[in-house]
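All you need for my numbering is the position in the sequence shown, starting with 1, plus 300.
All C-beta atoms, glycine included, are put in the ideal place defined by N, C-alpha and C.
Quick caveat: nothing in here was measured; it's all calculated off a predicted structure.
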Amino acid sequence: GFQPLDTFQASDGWVVMGAIGDVYSRMLRVIGLDPADPKWETARTQLESIEGIEFDAILRGWISERTVKEVVAAMAARDVPCSPIMTSKDIAEDAQYRARGMHVEWEDEQVGKVKGIGVAPKFSLTPGKIVRGSVPLGHDNDRVYRELLGVSADALESLRRDKII
């Protein structure tokens, strides 16, 4: 391949970034490198070359000296895709997740009420929904064997008695 396309550790967390095509030049400017310097073109595709290793070290160093917020803001200012890697806590507190209704509650047959991440992506005509949580082993046996496969009630009982299902 090419670089950068990876996760990078900032001073207070992690970001993910990929810079392909023209984005690569913009990213070089963000971190203070000259896109006209031919060694950075070599670094882009020859990852194990001296130039590639040097570039990776420079980029990781630049990112590690900044917070996630600073890295994301600097990259966004130059239209370089870069995103924080969110923890479960970050996701739970994120205004965008809340606004999109991504946190939902449902009834789980084994543990009761559960709160978690809903269906993604959400489409306007078919937004999706959680119809049930986890169920015990064998919960759908009657439906599958009798309704879908046409197994008789006696045959199904025999399978249960013989501990096949």
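Presumed contact (8 Å Cβ cut-off) between PHE308 and ILE363, rounded CB distance: Here residue 308 is taken as the residue at index 8 of the sequence shown, counted from 1. Here residue 363 is taken as the residue at index 63 of the sequence shown, counted from 1. Rounded, the Cβ-Cβ distance is 4 Å, consistent with contact.
Beta carbon of VAL419 nearer than 8 Å to that of ALA319: As a first step, residue 419 is located in the sequence shown; it is residue number 119 there, counting from the start. As a first step, residue 319 is located in the sequence shown; it is residue number 19 there, counting from the start. Taking 8 Å as the Cβ cut-off, VAL419 and ALA319 do not qualify as a contacting pair.
Three-state secondary structure (DSSP) of GLY361: Numbered from its first residue, the sequence shown carries residue 361 at position 61. Correct three-state label for GLY361: helix.
Option in GLU447, SER383, GLU365 with minimal Cα separation from VAL372: As a first step, residue 372 is located in the sequence shown; it is residue number 72 there, counting from the start. Among GLU447, SER383, GLU365, the Cα nearest to that of VAL372 is on SER383.
Pairwise C-alpha distance: THR342 and GLU393: Working through the sequence shown from its first residue, we reach residue 393 at position 93. Working through the sequence shown from its first residue, we reach residue 342 at position 42. Spanning the two alpha carbons is a distance of roughly 42 Å.
Continuous alpha helix (DSSP H) stretch holding GLU348: start and end: Counting from one through the sequence shown, the residue named residue 348 turns up at place 48. Run containing GLU348: none; DSSP gives neither H nor E here.
Presumed contact (8 Å Cβ cut-off) between ILE385 and MET402, rounded CB distance: As a first step, residue 385 is located in the sequence shown; it is residue number 85 there, counting from the start. As a first step, residue 402 is located in the sequence shown; it is residue number 102 there, counting from the start. No, ILE385 and MET402 are not in contact; Cβ-Cβ is about 17 Å, not under 8 Å.
Residue ranges of each alpha helix (DSSP H) within the region 378 to 417, 4 or longer: 388 to 393, 395 to 399
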